[in-house]
Amino acid sequence: MTDTAMTDAGAARQDDDVLVRLDNVVKHFPIKQGIVFKHEVARVHAVDGVSLEVRRGETLGLVGETGCGKSTLARCITGLHPVTSGRITFDGQDITNLPRARMRPFRRDIQMIFQDPYGSLNPRRRVGSIIGDPFAIHGVADGPERKRKVQELMELVGLKPEHFNRFPAEFSGGQRQRIGVARALALRPKLIVCDEPVSALDVSIQAQIINLLEDLQDELGLTYVFIAHDLSVVRHVSDRVAVMYLGKVAEVAEAPDLYGSPRHPYTNALLSAGSVADPELSERRERIILVGDVPSPIDPPKGCRFHPRCPKAEDRCAVEEPVLEPRLNDPAGHDAACHFPVAAGERLGQKLGAVEPSSGPTS
Amino acid sequence: MSLLEVTDLRVSFPTSDGLVQAVRGVTFSVDRGQTLGIVGESGSGKSVSTQTLLGLTAGADVSGQAMFEGRDLLTMSSDELRRIRGAEISMIFQDPLSALHPLYRVGWQIMEMIRAHEPSVTKAQARKRAVDLLKMVGIPQPDRRVDDFPHQFSGGMRQRAMIAMALSLQPKLIVADEPTTALDATVQAQILDLMLRLQRELDTALIMITHDLGVIADLADDVMVMYAGKPVEHADRNTLYYQPHHPYTKGLLESIPNSTGTERERLRPITGQPPSLINPPGGCPFHPRCAYVMDRCLTETPPLGPAAGDHGHQSACWLPEDAVGMGTEAEELRRRTAEEGRVGAARILAEEIANAADVKGAVTS
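Sequences listed follow chains D and H, in order. With my numbering, you'll find the first sequence wraps up at 366, consecutive numbering, no jumps. With my numbering, you'll find the second sequence wraps up at 354, consecutive numbering, no jumps.
Next up, the structure:
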């Protein structure tokens, strides 16, 4: 961090517990038509009013299905997408849509690990130079010092430092993901956004990377935003979990609360849909088989966005958008955006294979 | 006699780097109405072994036997095989977008399948059957959607269309190769539910290939675990999940985050990497990663033999037959046997594996 940024941080810090605060963040992608005179014909409502906090030292899990906006939100936090409206504060300072030069000091503090360990490493460059890139970009270390730092990082993430001169192709998927982790750690960031860091890996390798991320968090006091679609992985790593649906947060809570007493019917459906490697449990439990598909984010449903697929929907849901707040005597911090939250013991599902073929209304 | 009986199937691909031995001796059988799950990581040979049965692995060297209702699929002429493919054995692939032709309407592609095998069916009849099939797999407004192109379908609907196509001729066996891997969790639940229901209704046999032990837990009667082109364990579903014998199966089960426990336990991954199939390790293929490695594992390949005396439970491992399950007693037996079995080279290897387990992010005991 530069000197000015440092003093700013000291002056503006109000809430020491919160590292990142999102205030009603909106990200729309315009769809344009026309050859000479381009005009906007529609908008993809990728992220549509998300307010969340990421606390210092915690792991915030972000779950949801394809197109729910979780990756877009992550890219807004890291500054890779300018936001349409709303405010993002990092470490007490407003970093919303900062110009490139002023964003640069924050880029050192906010790093990202990507999903695809094959696509995110340049195949023509040696591993040492890939991991050394952040030092070069920020002008931190040169020559032999950079090499030493890179080798320290390689050791830190469980790679052999003598493999410094190898190409990415000489590493397996799990080792490549370790390279991605080393690169993200280079500048000692405060926040790392992990976008599906293990979903491209084999099961036996996934556990290695998850353990590595947990070790590093303990050792370096990192804060993670952890995006995944695998609910058991998210449950394992996260302190708090936010569930997203069509650009909005449906429910957010401490992980044990969210998995123990999910309030939003969508959270219930998502949890019941996840498969478990335990045949007896799997046979006993009931599933909520949702009807139809996720509607298009170009024209999201009015009212509650989940109402066309919700087993509990009533007329009110189609007109009035529910607020994200504690429901049914839940502790503060367990918020659900639902008019008719699911109470403990309420049955919504059926046993697998017992449902009639769905002929739902949605396309 | 089972519907399909595969005996000692071996498949290898000559490449410029050497001979890739993708499948190295697989034996299994499937009965009518039964589901066999094949589990393994990438490169374990699970997909190749079933694609070979349908003649989809061009350029491969194949040996062994695959009897389907008394006829050997591997020695059949391509004409005979074509009559079986789709009509009697059909396949559902992982990625429905690349399995459907983007320039033909979904309905046309289903009709083509029907008319190719039953030339007497008129276009109108085939179309009606396509609509009925789409309705059966739960596509809304099937009489309209039948004229859609694949890109107008969502991922889940495309996979439903693939299932409709696979069912169109009421095959006796369906091979589903990672049918839900590309789908979201709630859509996966829809598709699995559909497959389970249709299988019950139509009494079809199903081979389900996946890397996800959770999907198999929902569906399979029997499970075969593959590693480096070989089956390492074969058992009924409950035995495999609760009484695993092979250290690889045990390792796979342990490396999944526990979905029911409340405490955050540290995961126990398998150390190391899956082996190369060009030059697979001698002896037991899993020995370079196995915490219970013994001297004989390095040189002698364990055969797939009975384990724990349970009916049909088979495992390819030199550990004692009754070393099954996750309990402390079995663990004690495994440790003691392994310790006694290490006099020579395995001692050093076992130490290396234990050290590798101490690498950052791996197991710390």
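We put the CB at the ideal spot given by N, CA and C, even for glycine. All of these numbers come straight from a predicted model, not from anything done at the bench.
Buried or exposed by the 16-neighbour rule on C-beta atoms within 10 Å, applied to residue i
i: MET315 (chain H); result: exposed
i: MET102 (chain H); result: buried
i: LEU223 (chain D); result: exposed
i: GLN83 (chain H); result: buried
i: PRO85 (chain D); result: exposed
i: ASP281 (chain D); result: buried
i: SER52 (chain H); result: exposed
i: GLN36 (chain D); result: exposed
i: ARG189 (chain H); result: exposed
i: THR64 (chain H); result: exposed
i: ILE342 (chain H); result: buried
Coarse secondary structure for residue i, derived from DSSP in three states
i: THR290 (chain H); result: coil
i: ASN268 (chain H); result: coil
i: THR251 (chain H); result: Caution applies to THR251 (chain H), whose pLDDT of 49 falls short of 50 and renders its modelled position unreliable; the value that the coordinates give is listed next. Coil.
i: TYR281 (chain H); result: coil
i: ASN27 (chain D); result: strand
i: ARG3 (chain D); result: Since the first residue of chain D shown is 4 and the last is 366, residue 3 (chain D) is not available in this structure.
i: SER54 (chain D); result: strand
i: ASP207 (chain H); result: helix
i: SER33 (chain H); result: coil
i: GLY115 (chain D); result: In the sequence as presented, Gly is not what sits at residue 115 (chain D); that position holds Met. Three-state result, MET115 (chain D): strand.
i: HIS42 (chain D); result: strand
i: HIS223 (chain H); result: strand
i: GLY263 (chain D); result: helix
i: MET315 (chain H); result: coil
i: LEU172 (chain H); result: coil
i: PHE167 (chain D); result: helix
i: LYS35 (chain D); result: strand
i: GLY145 (chain H); result: helix
Contact list for residue i against chain H, beta-carbon separation under 9 angstroms
i: ARG103 (chain D); result: Residues of chain H passing the Cβ test: none, with the nearest at roughly 34 angstroms.
i: GLY64 (chain D); result: Going along chain H, no residue has its Cβ under 9 angstroms from GLY64 (chain D), so there is no contact; the nearest lies around 12 angstroms.
i: PRO282 (chain D); result: ILE205, ALA206, ASP207, ALA209, ARG226, ASN227, LEU229, TYR230, TYR231
i: SER175 (chain D); result: GLN262, PRO263
i: SER235 (chain D); result: GLY203, ILE245, PRO246, ASN247, SER248
Within chain D, the residues that residue i reaches when beta carbons sit closer than 7 angstroms
i: THR175 (chain H); result: GLU68, ALA272, LEU273, ALA276, LEU293
i: SER143 (chain H); result: ASP296
Cross-chain neighbours of residue i in chain D, by beta carbon under 9 angstroms
i: HIS140 (chain H); result: What HIS140 (chain H) touches in chain D: nothing, since even the nearest Cβ is about 14 angstroms away.
i: ARG257 (chain H); result: ALA210, ASN214
i: ASN344 (chain H); result: By Cβ distance, chain D contributes nothing, its closest Cβ being about 12 angstroms from ASN344 (chain H), past 9 angstroms.
Chain D contact residues for residue i, given Cβ-Cβ distances below 8 angstroms
i: MET146 (chain H); result: ASP296
i: ARG94 (chain H); result: Ordered by position in chain D, no residue passes the 8 angstroms Cβ test against ARG94 (chain H), which lies about 16 angstroms from the chain.
Residues of its chain near residue i, where Cβ-Cβ distance is below 7 angstroms and the 5 sequence neighbours each way are ignored
i: GLN159 (chain H); result: LEU191
i: SER(-9) (chain H); result: SER18, VAL19, ASP20
i: THR290 (chain H); result: GLY272, CYS273
i: GLN13 (chain H); result: Going by the sequence as given, residue 13 (chain H) is Arg instead of Gln. Closer than 7 angstroms at the Cβ level, and outside the excluded window around ARG13 (chain H), lie ARG(-1), GLY218, LYS219.
i: ASP119 (chain D); result: ALA203
i: VAL37 (chain H); result: VAL0, ALA11, VAL12, THR46
i: GLY67 (chain D); result: LYS73, VAL246, MET247, TYR248
i: PRO325 (chain D); result: CYS307, ALA340, CYS341, HIS342
i: GLY161 (chain D); result: ARG181, LEU215
Neighbourhood of residue i by C-beta, 6 angstroms cutoff - its chain only, sequence neighbours within 5 removed
i: GLN148 (chain H); result: PRO85, ILE180
i: THR238 (chain H); result: VAL214, GLU222
i: GLY352 (chain D); result: SER275, GLU289, ARG290, ILE291
i: GLY82 (chain D); result: MET106
i: GLN(-6) (chain H); result: The amino acid at residue -6 (chain H) is misidentified as Gln; the sequence shows Glu. Result list for GLU(-6) (chain H): SER18, MET56, in chain order.
i: ILE34 (chain D); result: VAL44, ALA45
i: CYS313 (chain D); result: PRO268
i: GLY348 (chain D); result: none
Partners in chain H for residue i, counting only beta-carbon separations shorter than 8 angstroms
i: PRO290 (chain D); result: According to the sequence provided, residue 290 (chain D) is Arg. The question's Pro does not apply to it. Chain H residues near ARG290 (chain D): ALA178, ASP182.
i: SER264 (chain D); result: Chain H residues near SER264 (chain D): none, gap ~13 angstroms exceeds 8 angstroms.
Interface residues of chain H facing residue i [CB-CB closer than 7 angstroms]
i: HIS232 (chain D); result: ASP173, ALA174
i: VAL206 (chain D); result: GLU30, HIS200, LEU241, SER244, ILE245
i: SER285 (chain D); result: ALA206, ASP207
i: SER74 (chain D); result: None at all; the shortest Cβ gap to chain H is about 14 angstroms.
Same chain, Cβ closer than 8 angstroms to residue i, neighbours up to 5 away in sequence not counted
i: ALA327 (chain H); result: ALA280, TYR281, VAL282, MET283, LEU308, ALA339
i: ALA346 (chain D); result: LEU331
i: ASN168 (chain D); result: ARG129, VAL130, GLY131
i: MET197 (chain H); result: THR24, LEU25, GLY26, ILE27, ALA165, PRO168, VAL204, ILE205, LEU208, ALA209
i: PRO264 (chain H); result: ALA217, PRO270, PRO274, PRO277
Inside the stretch 177 to 260 of chain D only - beta strand (DSSP E) runs reaching at least 3 residues: 194 to 198, 226 to 230, 243 to 248, 251 to 257
4 or more residues per run - each alpha helix (DSSP H) lying fully within the stretch 48 to 106 of chain H: 67 to 73, 85 to 88, 95 to 106
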